[in-house]
Each structure stands twice: as C-alpha cells, then as structure tokens.
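Residue numbers (my numbering): 1252 to 1634.
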C-alpha cells in the first residue's frame, strides 16, 4: 500500500508541475484559492482550499501516523528494544545534520531561518515507492529499518511542529482542547471501543486546536493515542488496527495525492538556474541530499562498529547506505513544514526565493541516487 501510494504521490506532484506551467495555470491558481466556509451559528471556519487541505486533510494523515506509532510501540517492530536503537540513532543524525547544513548557509537571515526544519523530514511513501521498483532484491529487514527510521523521523517532525510552528495561542481554545483530551482519556479508561465516539470528540478537538493557534494536524496525533488497541468486549478485535487498515487507502490514494497536487505546483516562469543557488533552496537541497545520508549512515556506522547495534538481517553496508540516501526524499513532510514556515511571508518569497525548488531538487537527487546505489549493491536475487 505504501509503495503504490508513493507512485500515485509522484504522479500527483508531476501533474501539478505540468498544470502550473501550462495555459491552465490560472485555473490551477483559482482551484487552490477557492474559498470554502463552514458556519454553525457564531462558529465559522473560512479558508481557501489550499489551507483546508493542509490543516484538514493532513490532520487525517497525522491521525494515521499516530495510529501507526501506537501500534509499532505496543506490538510492532519498535516494541522490541533490540530493534529500536539503530533506526532511532539514524533518525537523530538524519535530522541534526540537515538542519546544521541549512543553518550554516542561512545564518543571519531571520526570514530564511524560519525554514530550518524543512530538510529534517523524510517521506516514507515516496521512499518505499522507489524501493518497490527493485522488487524482491530488497531484504525485508531493510524495508523494516526504513519504516522504523521514518517513524522516529515523524515523531521529531511532530515535536518540531508543536513547539516551533505554533503562534498567537488562544487560552480558551486550548482549554476546550484539553477538555477533549480528558474526555478521551476517561472513555479509553472505561473501555469504550466505539470508534465513532472517539472520532466525534476528535472533530471537536480539531476545531478547538485550529482556533487555538497550535497547528490543527496535532489533533490527529493526539486522538490516535486514545484509540483502543483491543476491544474490551471482544479481545480478538482491534479497533486501532481496523481503523488503520481502513484509513490507509484514503490517505494513500486521496489525502496525500491531493496535498501533493495543491502544494507542488511551482511556476517556473521567470525562474533561472541561479534561483536554485539562493541560500534557502540550496540549504534545503543540500540538507536533504547530503545531510540526510551523511547523518544517518555515519551514526549508524559508528553504532554498529562500537557494538551498540547490528546491521539489519540480510543487509550489507551498501544497502544501509542506499536507505540513508533514500531518506533524503523529504517531499510530503518537507512541503508541509515549508508551508508552515513561510505561510506569513508568501509575498516576499515569491520575489526572493521558493523553498519548494530546494525540496524537489533534494528529493529527486536522493531518490535517483538511492535507486542507483541499490541497483549496484543489492544481489540479483534476495539472499
């Protein structure tokens, strides 16, 4: 599912680029700026379609991420301590080194520095989509390592969004959000297994978080933490697993492609080669392509050499390096963080820089290079 979703995601991004640079560019702009409003009495939510996708549909994506995190830590690969250290240390290196590269290139520019977290992200759907092109030559252990590393990467992104990209916080809205969390905790403790009950409270919490100034997608992660793993009346039934399974298709084939379509439509009119060398897109591209592979591979190499971890079963150093490069495909999460970082300076960035150029360049370089490394280092048939 992840691999197929990655391929659809690529198609949506390419389509957005084509439309944004065609005679239909005006219609594309009208589409993403379409005003959408929901009003219930005095409560009103009015946003352009672009923000409904980024604040609303992406909350569903983060809800699914939260479900996957909970399942992995309770019953999955990350429930076993031996499987945690290597992807965890790799994720740390894969976030710190790209950020350091971006900061080194943009230090002193207050506006540009808002984008420091953009190259820290990894797009698991894209990365697995590229791995799927190699078929059974890729050891299952490497895929598990990649998914586990991306989970820690997502955790880091969630913390960054919560701490650094929230502003103008409303105390009353936060109080409503906290009340929703308390209600979720109580019904979870009482053994309520009806998913619809949790979703209803989650929608109220999403509206409150949206109005609070904290980014609304975090409501999805918070809600996922309370979805029960087991049904108290039927121990063989898992509400969390069932919901995760149902949401995978929606997210893979609707939410993420729509996000890619409304965010990846970069107009190349008037864009010259020199625009890629502005410190912001250059810092992002270098962080994703150079920083990711350097941070992940070096820290994993040191951890293995010092006996703190071991290579994934059936994998070699070439395979580990290939995964490190693929983690530089930061497309979805990087675009999302970029939309948060520069949402208030959209007019200026259109004149000075477009961070999406760096995201696409760094992701393409990482994807192509990772595929080439895997092609020459993996055995013809899986061992």
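We put the beta carbon where it would ideally sit given N, CA and C, even for glycine.
Item to check | Cβ separation of residue 1490 and residue 1446, assumed to be a contact under 8 angstroms, to the nearest whole Å | outcome: Sequence index remark: in the chain shown, residue 1490 carries index 239 (1-based). Sequence index remark: in the chain shown, residue 1446 carries index 195 (1-based). About 5 angstroms; that satisfies the 8 angstroms criterion.
Next on the checklist: Using a Cβ-Cβ cutoff of less than 6 angstroms, which residues in the same chain neighbour residue 1368 once the five nearest sequence positions on both sides are dropped?
Outcome noted: What you label residue 1368 is simply residue 117 of the chain shown in a count that begins at 1. Only 1411 and 1588 meet the Cβ criterion.
Checklist entry - According to DSSP, which residues form a beta bridge with residue 1290? => result The count along the chain shown starts at 1 and reaches residue 1290 at position 39. 1295.
Checklist entry - On the premise that residue 1308 lies in contact with residue 1509, defined as a C-beta separation below 8 angstroms, what is that separation, rounded to the nearest angstrom? => result Locating residue 1509 in the chain shown gives position 258, counting from the first residue. Locating residue 1308 in the chain shown gives position 57, counting from the first residue. With 8 angstroms as the limit, residue 1509 and residue 1308 qualify as a contact, their Cβ atoms being about 6 angstroms apart.
Next on the checklist: Buried or exposed for residue 1269, going by 16 or more other Cβ atoms inside 10 Å?
Outcome noted: Taking the first residue of the chain shown as 1, we reach residue 1269 at position 18. Flag for residue 1269 reads exposed.
Item to check | Run of the alpha helix (DSSP H) containing residue 1493, from where it starts to where it stops | outcome: If you number the chain shown from 1, residue 1493 lands on position 242. Counting along the chain, the alpha helix (DSSP H) containing residue 1493 begins and ends at 1490-1501.
Checklist entry - Closest by CA to residue 1296, which one among 1573, 1497, 1545 and 1460? => result On the chain shown, residue 1296 is found 45 positions in, with the first residue counted as 1. With distances taken between Cα atoms, residue 1296 lies closest to 1460.
Next on the checklist: Could you compute how far the alpha carbon of residue 1271 sits from the alpha carbon of residue 1518?
Outcome noted: One-based indexing of the chain shown puts residue 1271 at position 20. One-based indexing of the chain shown puts residue 1518 at position 267. Their backbone Cα atoms lie some 5 angstroms apart in a straight line.
Item to check | Spatial distance of residue 1598 from residue 1350 (CA atoms) | outcome: As a first step, residue 1598 is located in the chain shown; it is residue number 347 there, counting from the start. As a first step, residue 1350 is located in the chain shown; it is residue number 99 there, counting from the start. For residue 1598, the pLDDT reaches just 42, beneath the cut-off of 50, and the residue's location in the model is therefore unreliable, leaving the point undetermined.
Item to check | Element boundaries [alpha helix (DSSP H), containing residue 1551] | outcome: Start at 1 with the first residue of the chain shown, and residue 1551 comes out as number 300. Its alpha helix (DSSP H) spans residues 1543-1556.
Checklist entry - If you run the structure through DSSP and keep just helix, strand and coil, what is residue 1600? => result For the purposes of this step, residue 1600 is identified with residue 349 of the chain shown, where counting begins at 1. Below a pLDDT of 50, predicted positions are generally treated as unreliable, and residue 1600, at 45, falls in that range; no measurement from the model is reported.
Checklist entry - How many angstroms separate the CA atom of residue 1607 from the CA atom of residue 1305? => result Counting from one through the chain shown, the residue named residue 1607 turns up at place 356. Counting from one through the chain shown, the residue named residue 1305 turns up at place 54. Going from the Cα of residue 1607 to the Cα of residue 1305 covers about 15 angstroms.
Checklist entry - In its own chain, which residues sit with a C-beta less than 8 angstroms from the C-beta of residue 1336, not counting the 5 before and 5 after it? => result As a position in the chain shown, residue 1336 is number 85, starting the count at 1. Cβ neighbours of residue 1336 beyond the five flanking positions: 1554, 1559 and 1560.
Checklist entry - To which residues does DSSP link residue 1482 through a beta bridge? => result Residue numbering aside, residue 1482 sits at position 231 when the chain shown is read from its first letter. Its beta-bridge partners are 1485.
Checklist entry - Below 9 angstroms between beta carbons: does that hold for residue 1550 and residue 1616? => result By 1-based counting over the chain shown, the position of residue 1550 is 299. By 1-based counting over the chain shown, the position of residue 1616 is 365. No, they are not a contact pair.
Next on the checklist: Taking the straight line between their C-alpha atoms, what separation do you get for residue 1365 and residue 1610?
Outcome noted: As a position in the chain shown, residue 1365 is number 114, starting the count at 1. As a position in the chain shown, residue 1610 is number 359, starting the count at 1. Those two C-alpha atoms are separated by around 15 angstroms.
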